[in-house]
Every structure is written in structure tokens, then in C-alpha cells.
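S.K.: Sharing a structure, written as C-alpha cells. Questions coming.
As C-alpha cells, then:
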């Protein structure tokens, strides 16, 4: 399952909901390029599982390296070298393989509305976000509030107000309905908008 963003690019022609990605029936997912990539991924994963079973590869390292490869990073990329099992596990639990793949494999030259993006600056932010996500569980949240832009957004709040702002909000309604912003680590934000 998945989209080969490297060959298909990003745009409005991809699924527009998380459930559509999960269903794996969209033409972007069933496209020849995506199916070929999925087959290659499956082959590499099976080889790695065999290496783990034979004791030739550590299980945690296998998961980290597989995720790094699947999101389009090279092994020498800083984000890849900083990747940890806790970061990779959190990313996988939040279903971030495709959002991170879309960000890392595509050169986005403009917003979806057509406004130009500074390519070098955009790439630098994508790599910083990817590194934060993969570095450790909670790394994205920490990064988000520690950048100059994040600090500026919170500048007018007291320490107590900032703590409350960072806390994921949820409300329980009648008949068991639960609404929430996201969970700890804030990785759900990657699905808050169209991903590719």
C-alpha cells in the first residue's frame, strides 16, 4: 500500500482523506509506479525480516532503517542518522509513512493555491521536521515549540498558559462521543490537511 510520490508527484489528484489512504483503492495507490514500488518495498522488508530471524540484524534497527528508506531519505541524511526506534515507532503508530514520504520525495515549488515557496528554505524545514519526528517520541512537539517561529507564536503567554496550550484538548460528549485536537506528540497534525 502506498503512493510513489517520487514518480507521481504531489497534487489534488491523490486521496483527500486518511480513510481513503487506508482503503488503498485510489488510482494513485493502484497506479503502476506505486504498485511497483510496493513490490520492491515488500521484497526488501522480507529480506530484512529474514536477516532479523537469522540474528544478523537488530529488530529495532530494522524498523528504523526500513522507515527511513520508505520515506525517501538516504542513509547519510542527518534526519536518518538521528532516527531512533522510539521516534520511528511513534511515527508508524501515527501512520506517518505517507505524509513523510510526500514531504521528503517531492519538491513543492508552490502552495496548493499557487503561491510560490522558497525551495531551499522549504527543503530545510522539511528535513528539520523529519529529523524532529524521527529523533525521539515527542520530538516533533519539542521542535515545534522551540523554533524561533514557535517561540514567537507563544511569546505573549505566561509559562502556565504555554503549558496549557501544549496540552492536547479533548472533550467527552454524550453517548461516548469523544472529540480531540490530537494526542501527546502532536503527530496527528500531519493528517490535519491534504498530505500529497
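Numbering (the working numbering), first residue to last: 1 to 196. No residue lacks a Cβ here, since even glycine has one placed at the ideal position from N, Cα and C.
1) Thinking just about the alpha-carbon of each residue, which of 126, 190 and 22 is nearest to the one in residue 99?
2) Can you look up residue 116 in the DSSP assignment and give me helix, strand or coil?
3) If the criterion is Cβ atoms closer than 8 angstroms, does the pair residue 94 and residue 2 meet it?
4) Determine, using beta carbons only, whether residue 105 and residue 144 come nearer to each other than 8 angstroms.
5) I'd like to confirm something about residue 80: is its beta-carbon nearer than 7 angstroms to some heavy atom of the ligand ZN, or not?
6) Taking residue 41 as the reference, which of 66, 167 and 76 has the closest Cα?
7) Run through DSSP, which three-state label would residue 110 get?
8) Could you tell me which of 113, 107 and 162 sits nearest to residue 126, measuring between CA atoms?
9) To test your reading of the DSSP string, which unbroken alpha helix (DSSP H) runs of 4 or more residues are found completely within the region 22-83?
10) How many angstroms separate the CA atom of residue 137 from the CA atom of residue 129?
11) Based on the DSSP output, what are the partners of residue 13 in its beta bridges?
12) In the DSSP assignment, find the beta strand (DSSP E) that holds residue 95 and state where it starts and stops.
13) When we look at the beta-carbon of residue 22 and count the other beta-carbons within 10 Å, is it buried (16 or more) or exposed?
M.R.: Here's the rundown:
1) As a first step, residue 99 is located in the chain shown; it is residue number 99 there, counting from the start. It is 190 whose Cα lies nearest to the Cα of residue 99.
2) On the chain shown, position 116 is the one that residue 116 refers to. Strand.
3) Residue numbering aside, residue 94 sits at position 94 when the chain shown is read from its first letter. Residue numbering aside, residue 2 sits at position 2 when the chain shown is read from its first letter. In this structure, residue 2 does not lie closer than 8 angstroms to residue 94 by Cβ.
4) In the chain shown, the residue the question calls residue 105 occupies position 105. In the chain shown, the residue the question calls residue 144 occupies position 144. Going by C-beta atoms, residue 105 is not nearer than 8 angstroms to residue 144.
5) Looking at this structure, you won't find the ligand ZN or any other ligand, since it has none at all.
6) On the chain shown, position 41 is the one that residue 41 refers to. For residue 41, the nearest C-alpha among the options comes from 66.
7) Residue mapping note: residue 110 aligns to position 110 of the chain shown, counting from 1. It is a strand residue.
8) As a working note, residue 126 is residue 126 in the chain shown. It is 107 whose Cα lies nearest to the Cα of residue 126.
9) 27-30, 32-53, 59-70 and 78-81
10) Here residue 137 is taken as the residue at index 137 of the chain shown, counted from 1. Here residue 129 is taken as the residue at index 129 of the chain shown, counted from 1. So the two alpha carbons sit approximately 13 angstroms from each other.
11) In the chain shown, the residue the question calls residue 13 occupies position 13. When beta bridges are read from the DSSP output, residue 13 appears opposite no residue.
12) For the purposes of this step, residue 95 is taken as residue 95 along the chain shown, with counting starting at 1. Counting along the chain, residue 95 falls outside any beta strand (DSSP E), and DSSP gives it neither H nor E.
13) Position 22 of the chain shown, counting from 1, holds the residue named residue 22. Burial call: exposed.
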